[in-house]
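Worksheet: one structure, shown below.
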Amino acid sequence: MFNKRTKIREIISKQESQTGITVMGWVRSFRNNQFIALNDGSTNTNIQVVATLGNFPDELIKRITTSASLRVYGDLVPSLGKGQALELVATEIEILGDSDAEKYPLQPKKHSLEFLREIAHLRFRTNTFGAIFRIRHSLAFAVHKFYNERGFVYLHTPIITASDAEGAGEMFRVSTLPLENPPRDEDGKIDFKEDFFGKATNLTVSGQLEGELGATAFGEIYTFGPTFRAENSNTARHLAEFWMIEPEMAFCDLEDNMNLAESFIKYIINYAMEHNMEDLLFLDQRLAEEEKQLPTEKRSEMGLIDKLKFVSENNFERITYTEAIDILFNSPAYKKKKFQYEVKWGIDMQSEHERYLVEKHFKKPVIVTNYPKDIKAFYMRQNDDGKTVAAMDILAPGIGEIVGGSQREERLDRLTQRMHEMHISEEELWWYLDTRRYGTVPHAGFGLGFERMVLFVTGMTNIRDVIAFPRTPKSAEF
Ligand code: ATP
Ligand code: MN
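Using our numbering, you'd call the opening residue of the sequence shown number 5 and step up by one each time.
Set out below in structure tokens:
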């Protein structure tokens, strides 16, 4: 067996001397032809490997360059040097893979995040991205743990769909028709009957409609998968391909929905704080350094870890849309004409409005409920006022919208009436409407954008830095 190694994370956590262990990893630096900082990706902490002078041939020493991969066998002993408690005194060093240090794109200096995006195939090897992606992993694991502990069924909803009724965003077409000269019908329109699926299909923008089918049989389900939106908005919070978690619960109203969303967010934050403190401390310091460059009024009031603790320990603020508009309307920002976009009842709040509520007014996450029906989807439950629907969005400091959800319209007549008003075909969604025909129940659910959650927990500011290989307009490298 080749891989009989100890991970550096384990060595660091045990802090015990040990004879005859094997470590494998990549060279981060090599000092005085003697001290190798080796990293294996299990932690940002390197192990110091000592290649005692004279014990190894010169040809081998020359090949110990930045990012070369090594297998080292030796004894773990208390270190004489500063900076580490233990070091690995090597008796055997094998070069697994050479690395031309002059050509290697990651030089031992600070690179900008923009540059690192161009070499996203190597950026995992930096401390910043090591920390981000170990935290991302933990958050994903915590998502499954949270729902599994509560008896939710993990439902895999399709990625290719034919329903374009949801209206959550622009879609990517999936087709095998020839781009030049596609088949056409009598009216000259492209004939999708000839296409692979016999109808026009797209990449999914949300698994919710299928999720409701699961919830009305299993009671509680969740999805966790990729979703696609051809939004041409080049923002720091939108991707064309992102991951979404969508729980859907039968026998559940808007308040139950909010309670679940709030405890879910707190749970996964706490999981990261329990399991990734070293990486969070690293990112906390990184953020503090970054913010030193900003003018005082632009700096965050709390460090990263304090912010996470604060959010996990305090209740989210809950207000209605109408109250939110009143707050904005009466705000000093409005009076001083600081908002670029109009404020009045009926608007789809812009990011500047959401950020004002969360960052300036309440200074904590805010759940906004009961939005005007005209800015929300057809399936949201209609309130008795005839104007609003039982929707809820969660807004997070520094991010804006992180969750969008609602109680669903379970009354068949109300639902079809709304579909009619919004020109949504009942025939196409016959299967969806069947849930309302056969044993309909009050039910609710939401979607949490996973990358926005990772942004929040890591304190990063651009969504391209928290997904391994971002897909955005004009960019699909790697
Ligand atoms: P926004 O107004 O920010 O575009 P939305 O109203 O389109 O969001 P929903 O359709 O409610 O969002 O989707 C649910 C969640 O998915 C959002 O709350 C957000 O966290 C996330 N999300 C939506 N669009 C994107 C995107 N393009 N990239 C990354 N995450 C997204
Ligand atoms: Mn959107």
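All C-beta atoms, glycine included, are put in the ideal place defined by N, C-alpha and C.
This structure is a prediction, so every number in the text was calculated from the model and none was measured.
Buried or exposed by the 16-neighbour rule on C-beta atoms within 10 Å, applied to residue i
i: residue 164; result: exposed
i: residue 35; result: exposed
i: residue 317; result: exposed
i: residue 255; result: exposed
i: residue 410; result: buried
i: residue 50; result: buried
i: residue 474; result: buried
i: residue 237; result: exposed
i: residue 288; result: buried
i: residue 212; result: buried
i: residue 434; result: exposed
i: residue 378; result: exposed
i: residue 56; result: exposed
i: residue 183; result: exposed
i: residue 143; result: buried
i: residue 345; result: exposed
Identity of the residues DSSP links to residue i by a beta bridge
i: residue 79; result: 93
i: residue 29; result: 74
i: residue 373; result: 324, 396
i: residue 35; result: 39
i: residue 229; result: 248
i: residue 265; result: Bridge partners of residue 265: none, in fact.
When the options are compared against residue i, the one with the closest alpha-carbon
i: residue 99; options: 65, 82, 85; result: 65
i: residue 76; options: 57, 109, 31, 37; result: 31
i: residue 232; options: 131, 49, 189, 173; result: 173
i: residue 106; options: 116, 69, 121; result: 69
i: residue 272; options: 119, 153, 183; result: 153
i: residue 160; options: 217, 362, 399, 345; result: 217
i: residue 416; options: 392, 443, 426, 404; result: 443
i: residue 103; options: 451, 29, 79, 296; result: 29
i: residue 388; options: 375, 344, 297, 73; result: 375
i: residue 420; options: 235, 215, 440; result: 440
i: residue 294; options: 277, 191, 463, 124; result: 463
i: residue 132; options: 406, 399, 284, 405; result: 284
i: residue 37; options: 60, 354, 121; result: 60
i: residue 204; options: 53, 193, 221; result: 193
i: residue 92; options: 21, 290, 251, 358; result: 21
i: residue 307; options: 342, 206, 121, 461; result: 461
i: residue 453; options: 347, 478, 251; result: 251
i: residue 224; options: 365, 156, 277, 40; result: 156
i: residue 16; options: 469, 46, 139; result: 46
i: residue 268; options: 146, 39, 321; result: 146
i: residue 481; options: 124, 79, 96, 109; result: 124
i: residue 265; options: 361, 391, 451; result: 451
Close-in-space but distant-in-sequence residues of the same chain around residue i (CB under 6 Å, 5 per side omitted)
i: residue 151; result: 226
i: residue 262; result: 371, 396
i: residue 349; result: 329
i: residue 199; result: 179, 181
i: residue 363; result: 401
i: residue 324; result: 373, 374
i: residue 220; result: 254, 439
Straight-line gap, residue i to residue j (C-alpha atoms, nearest Å)
i: residue 422; j: residue 208; result: 22 Å
i: residue 14; j: residue 115; result: 29 Å
i: residue 243; j: residue 459; result: 13 Å
i: residue 186; j: residue 197; result: 11 Å
i: residue 402; j: residue 446; result: 33 Å
i: residue 456; j: residue 111; result: 30 Å
i: residue 311; j: residue 141; result: 20 Å
i: residue 258; j: residue 448; result: 7 Å
i: residue 1; j: residue 384; result: Since the displayed the chain opens at 5 and closes at 482, residue 1 lies outside it and no answer follows.
i: residue 405; j: residue 398; result: 6 Å
i: residue 7; j: residue 414; result: 56 Å
i: residue 230; j: residue 74; result: 36 Å
i: residue 135; j: residue 122; result: 19 Å
i: residue 85; j: residue 53; result: 12 Å
i: residue 33; j: residue 201; result: 54 Å
Check: residue i C-beta below 6 Å from any heavy atom of the ligand GDP
i: residue 233; result: In terms of ligand content, the structure shown lacks the ligand GDP and carries the ligand ATP and the ligand MN instead.
Own chain residues within Cβ distance below 7 Å of residue i, not counting five before or after
i: residue 19; result: 89, 90
i: residue 195; result: 187, 188, 189
i: residue 240; result: 465, 466, 467
i: residue 303; result: 295
i: residue 214; result: 161, 162
Close Cβ partners of residue i (< 8 Å) along its chain, the five nearest in sequence each way excluded
i: residue 305; result: 367
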